[in-house]
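J.: Got a structure here, written out as structure tokens. Questions coming.
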Ligand code: FE
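In the numbering used here, the protein residues as written are 34 to 266.
In structure tokens form, the structure reads like this:
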């Protein structure tokens, strides 16, 4: 049985290895490609980075020594991509839009509020849910690495791990949000939340204008991963 640490290491290394085989297809803020920093952080640079090479080497060693198999790694990736993904977070958001008592509980203690769902995936032991309002926009980052509420959102997108996103969203959040297509009026306050190994954040987007006309499942289908990170509104 793999320990969590080994699974995590294997998963990370596979993600790097996969990234070395594929070109980036995720939407990413323009400037991560256009700026000098972006050029340093290009997909090619990421694929050839010492971290990627080290991760690939670790994965190869784990497989070689029989501690993990490629099938194990594929299973973990499939689990997060296909069976967890952002749909868990979307269900939670849609319920909060329809159920005021659940919303209050979610904002008061995110981990406790979602515990009854028994979502698999982890990384939500200390979940803080932050609410967008007409006057406040929240956005989440992990400036140190890529901490993310896996059980709710699945695997983090490539750009979430990009050094350009991690540094720029703190320094110039409005500019980065504009690159994601989010235009915020000057009187809207932007709050940037820095995730860590201890605390993971989920943005509760504002409900759509026609919220009352739809049930939770219909609403959940309209909640995007990006809105729950805060790079969509
Ligand atoms: Fe992190």
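Idealized CB from N, CA, C, for every residue including glycine.
Please classify residue 177: does DSSP put it in a helix, a strand, or coil?
T.: Your numbering for residue 177 matches position 144 in the chain shown. Note: residue 177 maps to coil in three-state DSSP.
J.: Alpha carbon to alpha carbon, how far is residue 247 from residue 59? Give it in angstroms, no decimals.
T.: Your numbering for residue 59 matches position 26 in the chain shown. Your numbering for residue 247 matches position 214 in the chain shown. At residue 59 the pLDDT is 45, less than 50, meaning the model places this residue with poor confidence; the figure from the coordinates comes in the next sentence. Distance between the alpha carbons of residue 59 and residue 247: 30 angstroms.
J.: Measuring only from the beta carbon, is residue 188 closer than 8 angstroms to any heavy atom that is part of ligand 1?
T.: Position 155 of the chain shown, counted from the start, is the residue given in the question as residue 188. Exclusion of residue 188 from the 8 angstroms shell around ligand 1 follows from its C-beta lying no nearer than that to any non-hydrogen atom of the ligand.
J.: Identify, in the order they occur along the chain, each residue of the same chain with its Cβ nearer than 8 angstroms to the Cβ of residue 168, setting aside the five sequence neighbours on each side.
T.: Working through the chain shown from its first residue, we reach residue 168 at position 135. Excluding sequence neighbours, residue 168 sits near 220, 221, 222.
J.: Would you say the beta carbon of residue 178 is closer than 8 angstroms to some non-hydrogen atom of ligand 1?
T.: To locate residue 178, count along the chain shown from 1; it is residue 145. Remark: the shortest separation between the CB of residue 178 and any heavy atom of ligand 1 falls under 8 angstroms.
J.: For the alpha helix (DSSP H) that residue 86 lies in, which residues bound it at each end?
T.: Locating residue 86 in the chain shown gives position 53, counting from the first residue. It spans 83–97 - the alpha helix (DSSP H) in which residue 86 sits, taken as one unbroken run.
J.: Can you name, in chain order, every residue of its own chain whose Cβ lies under 7 angstroms from the Cβ of residue 184, other than the five neighbours on each side?
T.: Here residue 184 refers to the residue found at position 151 of the chain shown. Excluding sequence neighbours, residue 184 sits near 117, 121, 152, 153, 154, 155, 156, 157.
J.: Report yes if the CB atom of residue 199 is closer than 9 angstroms to the CB atom of residue 235, and no otherwise.
T.: Here residue 199 corresponds to residue number 166 of the chain shown, with the count starting at 1. Here residue 235 corresponds to residue number 202 of the chain shown, with the count starting at 1. Result no, Cβ atoms of residue 199 and residue 235 do not sit closer than 9 angstroms.
J.: Given residue 189, which residues of its chain have a CB within under 7 angstroms of its CB, disregarding the five upstream and five downstream residues?
T.: By 1-based counting over the chain shown, the position of residue 189 is 156. Counting only Cβ-Cβ distances below 7 angstroms, and skipping sequence neighbours, we find 179, 181.
J.: Is it buried or exposed, residue 83, if we count other Cβ atoms within 10 angstroms and call 16 or more buried?
T.: Looking up residue 83 in the chain shown gives position 50. Exposed, because fewer than 16 other Cβ atoms sit within 10 Å of the Cβ of residue 83.
J.: With a cut-off of 8 angstroms on the beta carbons, I'd call residue 139 and residue 162 a contact; round off their distance for me.
T.: As a working mapping, residue 139 is identified with position 106 in the chain shown. As a working mapping, residue 162 is identified with position 129 in the chain shown. Right, their Cβ atoms sit about 5 angstroms apart.
J.: Using only the alpha-carbon positions, how far apart do residue 71 and residue 218 sit?
T.: On the chain shown, residue 71 is found 38 positions in, with the first residue counted as 1. On the chain shown, residue 218 is found 185 positions in, with the first residue counted as 1. Only weak support is given to the placement of residue 71: the predicted model assigns it a pLDDT of 48, under 50, and the value that follows is read from those uncertain coordinates. Cα to Cα, the separation comes out at about 27 angstroms.
J.: Using a Cβ-Cβ cut-off of 6 angstroms (strictly less than) and excluding sequence neighbours within five positions of residue 249, which residues of its own chain qualify?
T.: In the chain shown, residue 249 corresponds to position 216, counting from 1. Taken in chain order, the residues that qualify are 127, 128, 131.
J.: In the structure shown, what three-state DSSP assignment does residue 210 receive?
T.: By one-based count along the chain shown, residue 210 stands at place 177. Residue state, collapsed to three classes: helix.
J.: Taking the Cβ atom as the reference point for each residue, do residue 256 and residue 119 lie within a distance shorter than 9 angstroms?
T.: Along the chain shown, one-based indexing puts residue 256 at 223. Along the chain shown, one-based indexing puts residue 119 at 86. Contact flag set, yes.
J.: For the candidate residues 265, 260, 262, 254, whose alpha-carbon lies nearest to that of residue 124?
T.: Taking the chain shown and counting its residues from 1, the one referred to as residue 124 is at position 91. Per the Cα distances, 254.
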